[in-house]
Amino acid sequence: MDIERGIENGKLKPLNLPVAIFHFQVQYMNYTLPELMVAAAAREIRDGEIIFVGTRLPLLAFALAKKTHAPRAIGFFESGIIRDTPAQEVLYTMGDSPNILGAIQCGSTLDLMGMMQQGWVDAGFIGGAEIDKYGNLNTSYISGKPPPNHPNPGFIRLPGSGGACDIAALARRLLVIMPHEKRRFKDRVDYITSPGYGTGRNWRETVGLPWGGPGAVITTQGILRFDPVTKEMYLASNHPGIPVEEILANTGWDLKVASDLKETPPPTREELNFIRAYDPAGFWTRG
Amino acid sequence: MDIERGIENGKLKPLNLPVAIFHFQVQYMNYTLPELMVAAAAREIRDGEIIFVGTRLPLLAFALAKKTHAPRAIGFFESGIIRDTPAQEVLYTMGDSPNILGAIQCGSTLDLMGMMQQGWVDAGFIGGAEIDKYGNLNTSYISGKPPPNHPNPGFIRLPGSGGACDIAALARRLLVIMPHEKRRFKDRVDYITSPGYGTGRNWRETVGLPWGGPGAVITTQGILRFDPVTKEMYLASNHPGIPVEEILANTGWDLKVASDLKETPPPTREELNFIRAYDPAGFWTRG
Amino acid sequence: MNRKILSMQEAIAQFVRDGMSIVAGTALESLIPFSAGHEIIRQGRRDLTLIGPISDILFDLLIGAGCVRKVVAAWVGNVMMGSGYNFRRAVEEGIPHPIDVEDHSNFTIALALHAAALGVPYLPTKTALGSDLPVNHPGMKEICCPFTGEKLLAVQAIHPDIAIIQVQRCDPEGNAHIWGNTGITGDAARASRSLILVTEEIVSPDVIRSDPNRTLIPGFLVSAVVEEPWGAHPSPVQGYYNRDHGFYRDYHEETKTLEGFQKWLNRWVKGIKTRHSYLQLLGEDRIQELKVKKEALSAPANFGY
Amino acid sequence: MNRKILSMQEAIAQFVRDGMSIVAGTALESLIPFSAGHEIIRQGRRDLTLIGPISDILFDLLIGAGCVRKVVAAWVGNVMMGSGYNFRRAVEEGIPHPIDVEDHSNFTIALALHAAALGVPYLPTKTALGSDLPVNHPGMKEICCPFTGEKLLAVQAIHPDIAIIQVQRCDPEGNAHIWGNTGITGDAARASRSLILVTEEIVSPDVIRSDPNRTLIPGFLVSAVVEEPWGAHPSPVQGYYNRDHGFYRDYHEETKTLEGFQKWLNRWVKGIKTRHSYLQLLGEDRIQELKVKKEALSAPANFGY
């Protein structure tokens, strides 16, 4: 069972999703779903921002944003790297050699986390295995809290937080990329690895988090955002060819839909050209 | 008034002490008082120890110890330098270029202070303007605590702690170098910049200091140590030619004298050769 | 003769004992001391506590080999591929035996080691507030700031018994140069009671002293120096060799079942005795492929006066 | 054109305002931004709060010139020679006007800036327990460890309005290489709300990128870059020039009296307009004498792949 891997995976190990949805035919071009998601993720990065870049698709999204609309964005990588140019080759992990060559600073995890805790990081990207309607994420334990006595076959152990909890707690804005499936979009997650808006409204303030919270969830079916008051997730755009009903059916609660629902713009020719040149083997983006 | 400068000074600005005591004639050789003190200080360093090296005479004492009996000693300098060889030239401050060239590590103050707080530092050297019978040192305010309202002409403002308070609090053993004068050796210092044994006995434990305390006070007249139980300072050795009575008269409390009082051994020929080659202009050691 | 320079076999035999806590994989995806991990498995260590941020597959491997009683980490798996199947089997099914897990985030594990490096019993933070990480966690407690009254999370110091750290180069005393991302390596080195340094090459002390700002680990912290070229494979060592992505992919595929893992373990760890044999197994072609091809030298800094 | 590159006059005029708190002298005896201090005096800034560990004579000078309302420091004086007479006159006699002093140790000031750099309101320590530093100190409070119950001193974070930092080289964005002892520079840079970088030379971004591990300050923290060769004189800059010991000795002798200090100030600061004139006053012979003579280049590190 590969529930924790989801969309952030590639050619060598196909996604646990219906193959059909990987290949769209829209009017003027072909693109894959991961390509659409990378393009959508890149557009969430604003020029000049400091981005805490998570692993997998965000590695591409950061590079794409830098090459298109956000040339002055700066990337923080939790292993201690700061870059203001994209790596010259596609990255499989953020510790790959091309991510170090040409960095502006290589230092410690603590320094970067400290700057994020100060409020320097405008946005951070993470993935998730489960999310709930207030944007809380679980990448630790599915179907129950960690049991007091082992062995307990009643749950799935996922890899854990890594830096995800930190980014969710401390970035000014959290961006999430994950597959859209009913078992992953739950009314309440089993375990909060990475805090979203908790139980909604001013919960973050109550628990002592200084700012932040999820700004967008980019899924395999649409882009979801959060009500500024209640902090409940709603559907802001559906991807081309995905009916809203299908998205609602794939969500484990009564998902609200924006009154001005849009269709997610497909990747542009420029975006696709970059993505395909950058990841020529299509490890992350060919599905 | 140069009370805060004292012995840790040099040729260019003569010490505020009777000139006569600077030039001894002992049986076989001539040496200056600072030379004797540097040699005595160097002997307090044991081979293989990690020494937090303070400024002025300790800079020479560390170099001398390395070249004689403690070749494996390691020096920490609060600006972030770690050395296992002495600098190739005499140092006027620890930030001088020769102290950086050939260091094994140049890093941050925090890392070195942190290691000292962990207990890595076997001994640290500091100077003092005032000391009391439990080894508490004052390098901040003489004749009164800092006044609530300024201006107040009733006290002398000294430069302050620098790293002295930290070394006194956190080194396993504190070594002090200072001039021996009645106004400096007080029953109780006006202000504790650098904690010694407080009010004696287990005071350090009581206030939360994990270990440490003064091991030796090397003065212009003798070497003083501390009773292992009461933690009161006593005279352990008098320098050649200095009568015990003179030392007692220069101490502001009823100083106890060791039953096995010794005479401080003069610097050896080897020690003098090194000191004079290392500080050829005699800035620190000619008086 | 310098007594610190040991073979990997000697270093693990002398310094790693059953029941110890070990911090490793401190630079995150780079410089992971796999060679040391393999030798720990071959020497049959048991009941270890593994401490680290993400460890890529190193912790998964040690768990599968039955060396581990407890994991104190932010993430255990295969960074590029996802799950660590041995970690899952151990936690979900108690195979090969049950293990305890203390969940951290990368920041809280960094702070726990930083606290130890600084010599304080804890450090305060805002991260992980509102998450479930602190729930029933023995090393996390909610506190209030004595100045502002705001809520904070206190993260307790972790003092590992030993750090195993891979570096590019060091001198015979263990004064070590590291470059590229350093993750939590500096603090891990200072936090630990002993330290095995695995180095791509032992160089003259003059090389290290020529650039004291590149020294991340001073030699007095180091118990043993093991010169083990390619000691970090399949993880990358900047300037020496690149990451072997295929190796991680294969590990992922081949360790899905317990039987598959046993086969993998016999092939890559138990069936060989030294790193030399491991490299022979890897093959000359692969080594040539992974080897650094381009030179991109740092601009010099003048330390003269 | 890069807008960060300014003359010293422009940088001080734009970024240093009356009443601000300034951290400077963060590498301790090295890399002290004297040139910036002189320009602050010439522009007549008032009511500044100076923050730093020891500052050698920089703080004494600014105090004597009447720019300072408060000092938050571990030590104020002349490292080689002893007292800072302006500091004494201000504290003891209120000349030129009274100043407030918040006494720190080097470790507590380092922790206060580290706390700010880490984004927490305080950090715990054992230093200064039992000393008089915490007595009536607004930024120090005794606390108990939530895990062990042991006594600790909480040191409150300090967020300076601006850091003024001298470096060896940086690129036009302010990505800066520093070598030699760095003291508390990294934390001071991250702790401050803005930052003026004074650099011996502006180099190509390629030089900085060739060695990202030597970057102590990333450019996004930097508000202004001032290229000012010899900007740190009389303090040393490793690889560029050595410490001018005689200058500190003369300062000590010449500033014992208020009149003496005024004369010194007119000669070295007020009577000249730019660093160029300062260097002319210093004289070619002295510059040649202080200039680095020997080359001792760092061994290269290969960042290629």
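Protein chains in written order, with our numbering: chain A, 3 to 289; chain B, 3 to 289; chain C, 3 to 307; chain D, 3 to 307.
Yeah, the Cβ is synthetic: ideal placement off N, Cα and C, and Gly gets one too.
Can you give me the C-alpha to C-alpha distance between residue 137/B and residue 123/B, rounded to a whole angstrom? As a working mapping, residue 137/B is identified with position 135 in the second sequence. As a working mapping, residue 123/B is identified with position 121 in the second sequence. If I take the Cα positions, the gap works out to 19 angstroms.
For residue 213/A, the three-state DSSP class (helix, strand or coil): The residue given as residue 213/A occupies position 211 in the first sequence. Residue 213/A: coil per DSSP, three-state reduction.
I need the DSSP call for residue 117/B, collapsed to helix, strand or coil. By 1-based counting over the second sequence, the position of residue 117/B is 115. If DSSP states are grouped into helix, strand and coil, residue 117/B belongs with the helices.
Please go through the same chain and pick out, in chain order, the residues whose beta-carbon is closer than 8 angstroms to the beta-carbon of residue 84/D, but skip the five residues on each side of it. The count along the fourth sequence starts at 1 and reaches residue 84/D at position 82. The residues are 254.
Straight-line CA distance for residue 187/D to residue 200/D? Walking along the fourth sequence from the start, residue 187/D turns up at place 185. Walking along the fourth sequence from the start, residue 200/D turns up at place 198. One C-alpha to the other measures close to 13 angstroms.
Inspect the CB distances between the region 98–109 of chain D and the region 272–285 of chain D and report whether three or more fall short of 8 angstroms. no
Beta-ladder partner(s) of residue 249/D, from DSSP: Position 247 of the fourth sequence, counted from the start, is the residue given in the question as residue 249/D. In the DSSP output, where bridge partners are listed per residue, residue 249/D has none listed.
Within the 9 angstroms Cβ cut-off, does residue 290/D reach chain B? The sequence position of residue 290/D within the fourth sequence is 288, counting from 1. It does not; no Cβ of chain B falls within 9 angstroms.
Just to confirm my understanding: we take residue 272/A, look at its own chain, exclude 5 residues before and 5 after, and list those with CB closer than 7 angstroms. What are they? Residue mapping note: residue 272/A aligns to position 270 of the first sequence, counting from 1. Once the five neighbours on either side are set aside, the close Cβ partners of residue 272/A are 70.
Let me see if you follow: with CB-CB separation under 9 angstroms, is residue 180/C close to chain B or not? By one-based count along the third sequence, residue 180/C stands at place 178. Not closer than 9 angstroms to any Cβ of chain B, the Cβ of residue 180/C fails to qualify, so no.
Please identify, using Cβ separations under 7 angstroms, the residues of the region 164–196 of chain B that lie next to chain D, in order along the chain. 164, 165, 167, 168, 171, 172, 193, 194, 195 and 196
Looking at residue 131/D: is its Cβ nearer than 9 angstroms to the Cβ of residue 176/B? Your numbering for residue 131/D matches position 129 in the fourth sequence. Your numbering for residue 176/B matches position 174 in the second sequence. No; because the gap between Cβ atoms is not below 9 angstroms, this pair is not in contact.
Jot down the residue ranges of each uninterrupted beta strand (DSSP E) in the region 29–59 of chain A, minimum 3 residues, whole runs only, in chain order. 32–34 and 52–54
What would DSSP say about residue 168/A, mapped onto helix, strand or coil? As a first step, residue 168/A must be located in the first sequence, where it is residue number 166. Residue 168/A falls in the helix class under three-state DSSP.
Under 8 angstroms by Cβ, that's how I've got residue 267/D and residue 67/D pegged, so tell me the actual separation to the nearest angstrom. Position 265 of the fourth sequence, counted from the start, is the residue given in the question as residue 267/D. Position 65 of the fourth sequence, counted from the start, is the residue given in the question as residue 67/D. Correct: roughly 6 angstroms between the Cβ atoms.
For the region 104–131 of chain D, which residues have a beta carbon sitting closer than 8 angstroms to at least one beta carbon of chain A? 118, 119, 120, 121 and 122
Do we get a CB-CB distance below 9 angstroms when we pair residue 237/D with the residues of chain C? Numbered from 1 along the fourth sequence, position 235 holds the residue referred to as residue 237/D. Not an interface residue.
May I have a chain-ordered list of the alpha helix (DSSP H) segments no shorter than 4 residues that lie completely inside the region 78–111 of chain D? 87–90
Where do the ends of the alpha helix (DSSP H) carrying residue 249/B lie? Your numbering for residue 249/B matches position 247 in the second sequence. Counting along the chain, the alpha helix (DSSP H) containing residue 249/B begins and ends at 246–251.
Have a look at residue 24/D and residue 30/D and give me their C-alpha separation to the nearest angstrom. As a first step, residue 24/D is located in the fourth sequence; it is residue number 22 there, counting from the start. As a first step, residue 30/D is located in the fourth sequence; it is residue number 28 there, counting from the start. For residue 24/D and residue 30/D, the distance between alpha carbons rounds to 15 angstroms.
For the beta strand (DSSP E) that contains residue 71/C, what are its first and last residues? For the purposes of this step, residue 71/C is taken as the residue at position 69 of the third sequence. First-last of the beta strand (DSSP E) with residue 71/C: 70–75.
For residue 259/D, which beta-bridge partners are listed by DSSP? Position 257 of the fourth sequence holds residue 259/D. Its beta-bridge partners do not exist; DSSP assigns none.
Going by alpha carbons, who is nearest to residue 167/A out of 60/C, 125/C and 55/C? Counting from one through the first sequence, the residue named residue 167/A turns up at place 165. Closest by alpha carbon: 55/C.
Minimum C-alpha distance to residue 53/D - residue among 42/D, 36/D, 78/D and 45/D: As a position in the fourth sequence, residue 53/D is number 51, starting the count at 1. That would be 78/D, whose Cα lies nearest to the Cα of residue 53/D.
Spell out the partners DSSP gives residue 134/A in its beta bridges. To locate residue 134/A, count along the first sequence from 1; it is residue 132. Looking at the DSSP assignment, residue 134/A forms a beta bridge with 188/A.
Residue ranges of each beta strand (DSSP E) within the region 13–75 of chain C, 3 or longer: 23–26, 50–54 and 70–75
Say yes only if the C-beta of residue 53/C is nearer than 8 angstroms to one or more non-hydrogen atoms of the ligand SAH, and no if none qualify. Absence of the ligand SAH is noted for the structure shown, with no ligands found whatsoever.
Answer with yes or no whether the minimum CB distance from residue 69/C to chain D is below 9 angstroms. Sequence index remark: in the third sequence, residue 69/C carries index 67 (1-based). Chain D contact via Cβ: absent.
Is residue 20/A buried or exposed, if buried means 16 or more other CB atoms sit within 10 Å of its CB? Sequence index remark: in the first sequence, residue 20/A carries index 18 (1-based). Residue confidence is low: residue 20/A scores 35 on pLDDT, short of 50, so the model does not pin down where it sits. No coordinate-derived value is stated.
Could you check whether the region 118–129 of chain D touches the region 136–150 of chain C, counting it as contact only if at least three pairs of C-beta atoms, one from each stretch, sit closer than 8 angstroms? yes
Is it buried or exposed, residue 208/A, if we count other Cβ atoms within 10 angstroms and call 16 or more buried? Counting from 1 along the first sequence, the entry for residue 208/A is found at position 206. Classification of residue 208/A: exposed, given that the 10 Å Cβ count is below 16.
With distances taken between CB atoms, is the gap from residue 90/B to residue 214/C smaller than 9 angstroms? For the purposes of this step, residue 90/B is identified with residue 88 of the second sequence, where counting begins at 1. For the purposes of this step, residue 214/C is identified with residue 212 of the third sequence, where counting begins at 1. Their beta carbons are not under 9 angstroms apart, which means residue 90/B does not touch residue 214/C by this criterion.
Is the region 153–168 of chain D in contact with the region 85–102 of chain A, if contact means three or more CB pairs nearer than 8 angstroms? no
Taking only beta-carbon atoms, is residue 281/A less than 9 angstroms away from chain C? Within the first sequence, numbered from 1, the residue matching residue 281/A stands at position 279. It does not: the Cβ of residue 281/A has no partner Cβ on chain C nearer than 9 angstroms.
Chain C residues whose Cβ lies nearer than 8 angstroms to that of residue 113/B: Start at 1 with the first residue of the second sequence, and residue 113/B comes out as number 111. What residue 113/B touches in chain C: 119, 188 and 192.
Please work out which residues of its chain come closer than 6 angstroms, Cβ to Cβ, to residue 230/C, disregarding the five sequence neighbours upstream and downstream, and give them in chain order. Looking up residue 230/C in the third sequence gives position 228. 10, 37, 200 and 277, listed in sequence order.
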